[in-house]
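Participant: Each position in the sequence shown, counted from 1, maps to that position plus 2 in our numbering. Beta carbons: idealized from backbone N, C-alpha and C, even for Gly. Here's a structure for you.
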Amino acid sequence: MLKKTVLAHALTIAFAASLGSVVVSGNAYAASNTAGDIVGRAAAGTVITIENKSIGLTRTLTVNKNGDYQLTMLPPGTYTVRAKRPDGSLEERSVAVNAGEGTSANFEAAANTVVVTGRLQRIDVKSPESSMVLNEAAIDRIPVSRDVTAVALLAPGATRGDARIGQTTLRAGNVPSLGGASPAENVYYINGFNVTNMLNGVAFNQVPFEAIAQQQVKTGGYGPEYGRSLGGVLSVTTKRGTNEWKGGANLIWEPVDLKAKSVYTEAGKSTGKWLVAERPGGTDDLKANLWAGGPVIKDKLFVFGLVQGADIEQKTYGVSDQTITKSNSPRYLVKADWNINDSNTLEFTAFSDESKDKVRTYASPTPYATPRGAERLPDEYTNGGQNYVAKYTSWLTDDFTVSAMAGLGKYNRESVIGSAACPFIRDDRTSARPRLGCATTSNITDPGANDERKAIRLDAEWNLGNHGLRFGLDNEEYQVVDGTQSSGGSTVLIKTLAPGSDLPSGYVNNTGKPIDYLQIRTFQNGGAFTTKNSAFYLEDNWQVTKNLVANIGVRSESFENLNADDKTFIKVDNTIAPRLGMSWDVKGDQSTKVFANLGRYYIPVMSNTNVRLSGVETDYTDYFVYTGTNGSDAFQNPGRGAQLGQRTVSGDGTAGDPRSVVDPNIKPMYQDEFIIGAQQALANRWTVGVKATYRKLKKVMDDMCNGPGAEQWALANGYNADQSAVIGHAIDSCFLYNPGGDLTANIDLEDGKGLTEVVIPAASLGFPKPERKYTALEFTFERAWDGVWNLQGSYVWSKSRGNTEGYVKSDIGQDDAGISQDWDYPGLMEGSYGDLPNDRRHTLKIFGAYQVTPELRLGANAIIQSGRPLNCLGYYSGNLDTVSILYGASSFYCNRTLNPRGTVGRLEWTRELSLQANYQPKWLPRTTFSVDVLNVFNERGVTQVNEAGESARGTPSPNYLQPGAFQIGRSVRLMAQYEF
């Protein structure tokens, strides 16, 4: 879509013009994700002074000969803007600055107006980005779960990801899909520091929710300072201290007794349909927050601190066991800001979101009921960690500003499993799928699993009148310790093989009757790995005319992944990602905006690829006749009869040469995007908008293992039988490459010459070209808050189609970013084109609030969304290869019939309404009481089902379409707060 020659010409014109003598009216600007700008017009020579009394910040400049001024990298807050004209006349304005947005304050004699271009006031006519910004007050008016993902889901084009993707501990959560991308393709910032977990992209560090001052969600069209994302950018700005000591405390309680009942599913005996039934259990969630902030030295040094305590207990009652999970780890935030002088500031942020879940598990004598049997050994899971960020900002001149940031982030993923010696055993012959033995989990993470990020970043803004140049660089080093192994050494599933059906081991049931069998998988991998990402960017925000701004930029990124021996196995330098934007103030009065964007976005290779591809991995499966008896000890190992077929091996426990597991010509995954839209300001604080978005995935990076195809090609192209076998075996071990293209592989042909470059054409590998296209038409409306009421919402029609979701595979809940089962063999991709898992054709969102009296405010939040596409996944029955069957129910063949992606229907629509009442009594000043009822009508729509339609080839699965996730049931959140 975008050619380097086009980029070169565009940048040459833009940057040459920045040094030329072209003079037009206006001023170009762009705000960062942690700071905002104030820009405007006034008579040449006017002295502009801005002051934020609450943080002691004052800056003064003189308006240039073009009549423009710009003050950049300002901390969010309320500013007084004073203008002293050359004739001595004075004028003063009060404006609000939000992070990531620009605010206009004009002092022209003919147009004595002030327009705040933030989302809550008027149209930002100089930015082509697709962005939603909500400050603390706005978030507090919305009845929504108090977490970053829930707030992000208010944005147009945001969809909740598959329930199996993301952290599932008590104080972590799901991650969103933004703009048709997979949930693993977003990037998350806190005070400008990247807190995305780079293991697989489906987790991130968080501050306590009460510490958030503002949250920004960018869903498209963002500038070149942002990268490593194909979905969106979620940026949080925390609270800080001011010149007035303030503090407070609150209690937030979601009592289990006021929540809807937990539910489970079972197959109807007469209808065969899945029935939803209530069961005991649920989560009782009590949190307490205490905070204070103020000046250590007035106008100079400020501090803010918040600590959160928690008492969370979750009880779950299953078919064969029950659990009690508790979490009471404290979390905190500390923020310090030092105004060294009027031109230099230093800020420091420290926070921790580390929490531990302590789990006790008991046998359940009665399914889904409270009677308790013997207790198993306890488990403990840890996630989150400590983060430290320092940022220095210097206004070197009125027109040149720089900032430097350094950060250290940690993410702990420890697990201590008491039953680690117990094999995980489950009986899959019925829909209930009861567990046997003493295991509490199927896979165990390395007890020492953790991640650490070290990052530095430098940004600069240079105002050249009609050109606002922005440039910067960043560098990150991410270290991962990770590993997984089967509990007790193996996972054992008891299944039934129908007459005439066969197993991946090659066994065919010719007995004429069903056979009960054991599927026993052994899996282990792990190691310590390093990933390095770096980038630089350059952007010209060019005020082409008084009413037209062009944003012309480029971002260059480099990626390097190292194996456990610190040897590079992936290295990509200097990718080129152009970003071109346009914003047209149609009438010149900031009431009508037409904008467009054209951009390219790259995403790095996740560290999970290091673990799975360059590490040591053992993975094999055996099949045995089930004797029908189980051991009498705590393990309850099922009795093994005759072995059925041969062992199937996916990983032999050896690590390959780093040069022989990756295509040396590999390109990172990237996407092109085009956006065009318009916004219109109406009377009485209303704005409306329309936007069309088109995103196309251009490259995919994944592993490919089609050794048989490579061997056949080699035999037909001059290699002898021994060499062809070596080539086939090398590819069997899996190569990371760009699916749909030729494969360049370095292979030792055992001829004494070391590694030889072998180029295998795409046609011989048998894979289609990767496709993911997202098309959306978005309509938005907003009535900004005026102290009485506000209303905001969107309707989005969208279509997401292709043959790959991206970095994860929600069809089966696989979060192996960049190394999923897609593209392993041609058979797995046959029939893969269709409606993707995050496709939601229709979404309507509306939220708002009304101040009924000075003491009482009401709020509401509603969403209506069409359902997710469905598949029938089964054992491969096609003729493209003979290996895909080893993956089990993972192909689009189901019961020996090809069912292309998304062609077996959709889940039903989901609907949800949440309400809020907020009471601030005059008789008890500084006190607030609120009640939020989330999902008022207790809608329990199904959001995810088991799409595996077979338990063996030709044997229908009794668990097909069994619901795996529902809308979260009705809950009531109570809050009491006192501020001083």
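1) Report the option in Gly-386, Ser-488 and Lys-534 whose CA atom is closest to the CA atom of Ala-457.
2) Please work out which residues of its chain come closer than 7 Å, Cβ to Cβ, to Met-703, disregarding the five sequence neighbours upstream and downstream, and give them in chain order.
3) Would you mind reading off the limits of the alpha helix (DSSP H) that contains Val-831?
4) Excluding sequence positions up to five away, which residues of its chain have a Cβ less than 6 Å from the Cβ of Thr-62?
5) What's the call for Val-278, buried or exposed, on a 16-neighbour Cβ count within 10 Å?
6) Measure the alpha-carbon distance for Pro-369 versus Asn-805 and round it to whole angstroms.
7) Considering only residues of the stretch 30-60, which uninterrupted beta strand (DSSP E) runs meet the minimum length of 3 residues and lie entirely inside it, listed in chain order?
8) May I have the straight-line CA-CA distance separating Ser-23 from Ala-786, to the nearest angstrom?
9) For Trp-688, does the three-state DSSP call read helix, strand or coil?
10) Among all the DSSP beta bridges, which residues are the ones paired with Trp-787?
11) I think Lys-698 touches Lys-775, with their Cβ atoms under 8 Å apart; what is that distance to the nearest whole Å?
12) With 16 as the cutoff for other CB atoms within 10 Å, does Glu-981 come out buried or exposed?
13) To the nearest whole angstrom, what separates the beta carbons of Thr-384 and Arg-415, a pair I think is in contact under 8 Å?
14) Which partner residues does Ala-579 have in the DSSP bridge list?
15) Does DSSP put Val-24 in a helix, a strand or coil?
16) Is the beta carbon of Asn-452 sitting closer than 8 Å to the one on Val-483?
17) Quick check on DSSP: helix, strand or coil for Ile-668?
18) Mind checking Ala-2: buried by the 16 CB within 10 Å criterion, or exposed?
19) Using CA atoms only, rank isn't needed, just tell me which of Gly-375, Ser-417 and Trp-340 is closest to Ser-396.
20) What residue range is occupied by the uninterrupted alpha helix (DSSP H) comprising Ser-726?
21) Within the 8 Å Cβ cut-off, does Ser-184 reach chain B?
22) Take the Cβ of Ala-851 as the centre, count every other Cβ of all protein chains shown within 10 Å, and call the residue buried at 16 or more, exposed below.
23) Answer yes or no: do Gln-979 and Thr-912 have a C-beta to C-beta separation smaller than 8 Å?
24) Thinking C-alpha only, which one of Thr-372, Ile-762, Phe-211 and Ile-678 is nearest Glu-713?
25) Bridge partners for Gly-311 per DSSP, in chain order?
26) Out of Gly-387, Val-258 and Arg-281, state which residue places its alpha-carbon closest to the alpha-carbon of Ser-331.
27) Can you confirm whether the stretch 555-571 touches the stretch 589-600 when touching is taken to mean that 3 or more C-beta pairs between the two stretches lie within less than 8 Å?
28) Does the Cβ of Gln-725 have 16 or more other Cβ atoms within 10 Å, making it buried, or fewer, making it exposed?
29) Could you tell me whether the Cβ atoms of Ala-107 and Ile-40 are closer together than 8 Å?
30) Does the beta-carbon distance from Ile-496 to Thr-623 come in below 8 Å?
31) Within the continuous beta strand (DSSP E) that includes Asp-142, where are the two ends?
32) How far does the alpha helix (DSSP H) with Trp-340 in it reach, from first residue to last?
33) Where Asn-114 and Thr-403 are concerned, what is the direct C-alpha to C-alpha distance, given to the nearest angstrom?
34) I'd like the list of long-range same chain contacts for Lys-358, defined as Cβ closer than 8 Å, with 5 residues on each side in sequence excluded.
35) What does the alpha-carbon distance come out to for the pair Ile-167 and Lys-55?
36) Starting from the Cα of Ser-322, find the closest Cα among Gln-823, Ile-342, Leu-303 and Gly-375 and give me that residue.
Facilitator: Judging by the given coordinates:
1) Lys-534
2) Val-607, Ile-668, Pro-670, Met-671, Leu-738, Asn-740 and Gly-820
3) Before going on, a small fix: residue 831 reads as Met here, not Val. Met-831 -> alpha helix (DSSP H) spans 828-831.
4) Thr-51
5) exposed
6) 40 Å
7) 38-43 and 49-54
8) Since pLDDT at Ser-23 reaches only 32, below the 50 mark, its modelled position is unreliable, and the value read off the structure follows with that caveat. Approximately 41 Å, taken between the alpha carbons.
9) strand
10) None; Trp-787 has no bridge partner.
11) 5 Å
12) exposed
13) 7 Å
14) Arg-557
15) At Val-24, the pLDDT of 32 sits below 50, so the modelled position is not reliable and the matter cannot be decided from this model.
16) yes
17) coil
18) No answer is possible for residue 2: the residues shown for the chain start at 3 and end at 982.
19) Trp-340
20) 723-734
21) The question asks about chain B, but that chain is absent: this structure has only one protein chain.
22) buried
23) no
24) Ile-762
25) Ala-290
26) Gly-387
27) no
28) buried
29) yes
30) no
31) No beta strand (DSSP E) holds Asp-142; the alpha helix (DSSP H) holding it covers 138-142.
32) First-last for Trp-340: 333-343, but that is the beta strand (DSSP E), not the alpha helix (DSSP H).
33) Residue placement at Asn-114 is poorly supported in this model, since its pLDDT is 42, which falls under 50; the coordinates are not used for a value here.
34) Ser-329, Ser-331, Glu-382, Tyr-383 and Thr-384
35) 45 Å
36) Gly-375
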